[in-house]
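Remarks on the structure that follows.
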Amino acid sequence: MSRNRISNTVEGVFNPLVQKLEGFVTLDEADRDVLHRITAFARDVPARTNLAREGEPHHDIVLVTEGIGCRFKQRANGARQITAYLVPGDTCDLDITLLNRLDHTIATLSACKVARIPAPALREIMENHPAIARGLRISALIDEATLREWLVNIGCRSALERIAHLFCELLVRLRAVGLATEDSCDLPMTQHELADTTGMTTVHVNRSLQELRRRGLIELKGKNLKILDWSRLKSLAEFKAGYLRVEGQAAS
Numbered sequence: 066m067s068r069n070r071i072s073n074t075v076e077g078v079f080n081p082l083v084q085k086l087e088g089f090v091t092l093d094e095a096d097r098d099v100l101h102r103i104t105a106f107a108r109d110v111p112a113r114t115n116l117a118r119e120g121e122p123h124h125d126i127v128l129v130t131e132g133i134g135c136r137f138k139q140r141a142n143g144a145r146q147i148t149a150y151l152v153p154g155d156t157c158d159l160d161i162t163l164l165n166r167l168d169h170t171i172a173t174l175s176a177c178k179v180a181r182i183p184a185p186a187l188r189e190i191m192e193n194h195p196a197i198a199r200g201l202r203i204s205a206l207i208d209e210a211t212l213r214e215w216l217v218n219i220g221c222r223s224a225l226e227r228i229a230h231l232f233c234e235l236l237v238r239l240r241a242v243g244l245a246t247e248d249s250c251d252l253p254m255t256q257h258e259l260a261d262t263t264g265m266t267t268v269h270v271n272r273s274l275q276e277l278r279r280r281g282l283i284e285l286k287g288k289n290l291k292i293l294d295w296s297r298l299k300s301l302a303e304f305k306a307g308y309l310r311v312e313g314q315a316a317s
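Number 116 in our numbering belongs to position 51 of the sequence shown; there are no gaps in the numbering.
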């Protein structure tokens with residue numbers, strides 16, 4: 066276990082929020098202690114469970130500590146667009162109290178552990194811990210940059226390129242919080258959910274996955290994704306990790 070990983074662990078429990086923020090800012094012991102405290106009471110949430118619904122009042126900050134969640138918008142006819150994935154260490158809507166209603170739904174894709182932080186408590190933490198405040202604001206800016214990249218993905222890339230880019234991004238994001246190896250990570254999404262993410266049909270997703278396998282770029286076993294040729298997959302997707310602000314990763 067790396068020295069950095071040890072500092073992000075309390076009583077054997079790894080804290081992805083600490084790991085994530087330390088990729089942006091330098092945290093002292095007091096900063097890490099308060100982050101460990103606010104994530105200590107995360108609860109188990111089953112897969113495909115709504116955490117907050119569009120149009121409803123929402124006063125807590127949702128923090129994913131294990132598993133993968135998402136944000137999505139849904140039409141009256143049931144059509145859905147997933148607009149973001151939430152990986153461990155991700156928080157939702159730091160300034161939610163400025164709005165009366167949530168404009169999208171937050172849900173789990175896999176089984177997750179989720180902490181809910183009262184907005185006033187988080188504001189107090191940010192006032193008393195400038196490094197945490199800076200780290201969270203940088204994280205929010207990266208969320209916006211990622212959304213822009215997803216818009217480009219849907220609007221400007223082919224079906225094959227969309228899936229390739231999504232897989233590159235997911236691996237880099239999970240590696241940044243210590244939850245992926247150099248070439249593999251969990252992939253709990255169904256093909257239907259990948260379709261909702263990339264603006265494609267499940268038929269196009271299935272064909273794209275088969276083509277990526279045929280080219281020897283990826284391997285899928287159960288809920289695990291292994292990238293067999295990172296350089297070629299990245300080239301196919303024209304993936305550049307700069308928008309994720311991940312330092313020191315060969316994936317960039």
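Quick reminder that beta carbons are idealized off the backbone N, C-alpha and C, glycines included.
Rank the options by C-alpha distance to the C-alpha of residue i and give the top, closest one.
i	options	result
residue 203	311, 80, 94, 79	311
residue 122	161, 225, 188	161
residue 116	86, 90, 167	167
residue 293	144, 302, 281	281
residue 147	288, 257, 107	257
residue 289	236, 260, 241	236
residue 309	223, 230, 261	230
residue 114	174, 151, 301, 150	174
residue 253	242, 145, 243, 286	286
residue 222	200, 264, 191, 241	264
What number of angstroms, rounded off, separates the C-alpha of residue i from the C-alpha of residue j?
i	j	result
residue 194	residue 249	35 Å
residue 79	residue 238	16 Å
residue 298	residue 214	17 Å
residue 220	residue 277	20 Å
residue 171	residue 126	11 Å
residue 306	residue 83	21 Å
residue 179	residue 136	14 Å
residue 119	residue 134	15 Å
residue 295	residue 158	33 Å
residue 228	residue 245	18 Å
residue 164	residue 208	18 Å
residue 275	residue 269	10 Å
residue 101	residue 108	14 Å
Under 9 Å between C-beta atoms, does residue i make it to chain B?
i	result
residue 157	Within the model displayed, chain B is absent; a lone protein chain is all it includes.
Just confirm the distance between the C-beta atoms of residue i and residue j, as a whole number of angstroms; I'd bet it's less than 8 Å.
i	j	result
residue 153	residue 189	Contact doesn't hold; Cβ gap of about 24 Å is too wide.
residue 205	residue 111	Contact flag wrong, Cβ pair sits at about 27 Å.
residue 128	residue 182	6 Å
Residue i lies in the alpha helix (DSSP H); which residues open and close that run?
i	result
residue 288	From DSSP, residue 288 is part of no alpha helix (DSSP H); its letter is neither H nor E.
residue 116	No alpha helix (DSSP H) holds residue 116; the beta strand (DSSP E) holding it covers 115-117.
residue 103	94-104
residue 232	224-241
residue 161	Per DSSP, residue 161 belongs to no alpha helix (DSSP H) and is neither H nor E.
Between which two residues does the beta strand (DSSP E) harbouring residue i extend?
i	result
residue 145	145-151
residue 310	Residue 310 -> no beta strand (DSSP E), and no H or E assigned at all.
residue 183	177-183
residue 320	This structure does not reach residue 320, given that the chain is present from 66 up to 317, and the question cannot be answered.
residue 127	125-131
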